[in-house]
Amino acid sequence: MKSHANKLAVAVAACSLSLTSLSQAQQLEEVVVTASKVEASIQDTPIAVSAFTQDQLDAQLINDASAMQFSVPNLTITKGNFTGQDIRIRGIGSGAVGTFGDTGVGIHVNGIYQVATRIFETQYLDVERVETLRGPQGTLYGRNTTGGVINVITAKADPSEFSASLDGTVGNYGATQARFHVNSPLSDTLALRIAGMSLERDGFTENEFTGNDVDDRSLWSGRLSLTWDAGDDTQVNFMYSKFEEDDSRMRSQKQACNRDPNAILGCLPG
Numbered sequence: 119m120k121s122h123a124n125k126l127a128v129a130v131a132a133c134s135l136s137l138t139s140l141s142q143a144q145q146l147e148e149v150v151v152t153a154s155k156v157e158a159s160i161q162d163t164p165i166a167v168s169a170f171t172q173d174q175l176d177a178q179l180i181n182d183a184s185a186m187q188f189s190v191p192n193l194t195i196t197k198g199n200f201t202g203q204d205i206r207i208r209g210i211g212s213g214a215v216g217t218f219g220d221t222g223v224g225i226h227v228n229g230i231y232q233v234a235t236r237i238f239e240t241q242y243l244d245v246e247r248v249e250t251l252r253g254p255q256g257t258l259y260g261r262n263t264t265g266g267v268i269n270v271i272t273a274k275a276d277p278s279e280f281s282a283s284l285d286g287t288v289g290n291y292g293a294t295q296a297r298f299h300v301n302s303p304l305s306d307t308l309a310l311r312i313a314g315m316s317l318e319r320d321g322f323t324e325n326e327f328t329g330n331d332v333d334d335r336s337l338w339s340g341r342l343s344l345t346w347d348a349g350d351d352t353q354v355n356f357m358y359s360k361f362e363e364d365d366s367r368m369r370s371q372k373q374a375c376n377r378d379p380n381a382i383l384g385c386l387p388g
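So the sequence shown is numbered by the working numbering: it starts at 119 and just counts up by one.
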C-alpha cells in the first residue's frame with residue numbers, strides 16, 4: 119500500500135509540473151496601448167479597447183479602415199457624400215449629408231485630431247498600432263468623441279537597431295501591391311525611417327456606354343520619420359507623409375443628388 123501511495127504522489131507532482139510548463143508556454147504577450155494618454159497594459163486600461171499591430175492587421179487582411187469594422191465590436195463604417203464616411207461606434211456617429219457636419223467619433227493620427235477625415239482613401243502603412251476606443255472619451259480627447267475614438271500610431275524610427283522589410287501582392291484584375299520600410303540608426307540617439315507603398319488595380323465595373331472599365335485604383339503613399347532621443351525622458355519625433363491617388367472609383371460624390379433649396383443639408387439624397 120505504501121508503494122502505491124508513493125507512485126501516486128510522484129504522478130501527481132509530474133502532472134502539476136507539466137501543467138505549469140504548459141501554462142507558461144501559453145502565456146499571452148502583453149499588449150501595450152496609449153488609450154488613456156499614457157502607455158499601459160490593455161488589461162489595466164479602464165476603457166473598452168481593441169488594438170491591432172501591423173502584423174495583426176496583415177494576418178487578418180485589414181488593409182484600411184473600412185475592413186476594420188469586421189474585426190472590432192460595435193464599429194460600423196459606411197461611405198457618405200463627397201468622399202467622406204460615416205464612422206459609428208455603438209450607433210453614435212455622424213448622420214450629416216454634407217461635408218461640414220461634426221462626427222461623433224474622433225480620429226487621431228499620432229495624437230493629432232483629424233478635422234477632415236479621409237481614412238477611407240488610405241491604406242494602413244507601417245503602423246505601430248491601431249486602437250479603437252468604444253464609448254465616450256471627452257475627458258481625455260475633447261469634443262466629437264461621444265461614440266469613441268480611433269487612434270492610429272505610426273511606427274517611429276528606432277536608434278537601437280537597423281531593420282528593413284519588403285513585401286508584395288499580386289491578384290486578379292491586374293492588382294499589384296508593394297510595401298517597404300527601412301529603419302537606419304544615424305547615431306546612438308538619432309534614427310531615420312522611410313516607408314512607402316504602391317497599389318495598382320484595374321476596374322471591376324464596365325461602362326456599357328463607353329466600354330471602359332471603371333472603379334480602378336492607382337495610388338502611392340510614403341512617410342519619412344526622424345527620431346532623436348534627446349535625454350532619458352525626452353524624445354523628439356518628426357514625420358512627413360504624402361498620399362496621392364488617381365482612379366475612377368465609384369465614390370458617393372459622383373452620384374446625382376438634389377440641391378437643398380433651404381441650404382441646410384447642401385445635398386439631398388435621392
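Glycine included, every Cβ here is placed at the ideal spot set by N, Cα and C.
Could you spell out the range, first to last residue, of the alpha helix (DSSP H) harbouring residue i?
i	result
Tyr291	First-last for Tyr291: undefined, no H or E at that position.
Asp173	172-177
Thr257	256-259
Can you tell me whether residue i is buried or exposed, with buried defined as 16 or more other CB within 10 angstroms of its CB?
i	result
Ser283	exposed
Leu251	buried
Tyr291	exposed
Thr272	buried
Lys360	exposed
Leu175	buried
Asp244	buried
Could you give the first and the last residue of the continuous beta strand (DSSP E) run that contains residue i?
i	result
Asp204	203-207
Thr196	193-197
Ser343	335-349
Leu317	308-319
Ser184	Per DSSP, Ser184 belongs to no beta strand (DSSP E); it is in the alpha helix (DSSP H), 183-186.
Gln353	352-363
Gly229	Unbroken run through Gly229: none, as it is neither H nor E.
Thr272	266-272
Who are the Cβ neighbours of residue i in its own chain at under 7 angstroms, not counting the five residues just before and after it?
i	result
Ala143	Here Ala143 scores only 46 on pLDDT, less than 50, and its place in the model is too uncertain to base an answer on.
Gly265	Arg206, Ile207, Arg208, Ile210, Gly211, Gly222, Val223
Asp306	Pro277
Leu304	Leu310
Leu140	Below a pLDDT of 50, predicted positions are generally treated as unreliable, and Leu140, at 43, falls in that range; no measurement from the model is reported.
Ala275	Asn301, Ala309, Leu310, Arg311, Ser343, Leu344, Thr345
Under 8 angstroms: does the beta carbon of residue i sit that close to some heavy atom of the ligand FAD?
i	result
Ser184	Among the ligands in the structure shown, none appear at all, so the ligand FAD cannot be discussed.
Looking at residue j and residue i, is the spacing between their C-beta atoms short of 9 angstroms?
i	j	result
His299	Ala313	yes
Ser343	Glu362	no
Ser154	Leu258	yes
Tyr242	Asp162	no
Asn262	Tyr231	yes
Val270	Val227	yes
Arg247	Val151	yes
Please work out which residues of its chain come closer than 6 angstroms, Cβ to Cβ, to residue i, disregarding the five sequence neighbours upstream and downstream, and give them in chain order.
i	result
Ile268	Ile225, Thr250
Thr294	Val288, Glu318
Gln178	Ser189
Val354	Trp346, Ala348
Tyr358	Leu342
Asp204	Thr196, Gly198, Gly211, Ser212
Can you name, in chain order, every residue of its own chain whose Cβ lies under 8 angstroms from the Cβ of residue i, other than the five neighbours on each side?
i	result
Glu324	Asn330, Asp331, Val332
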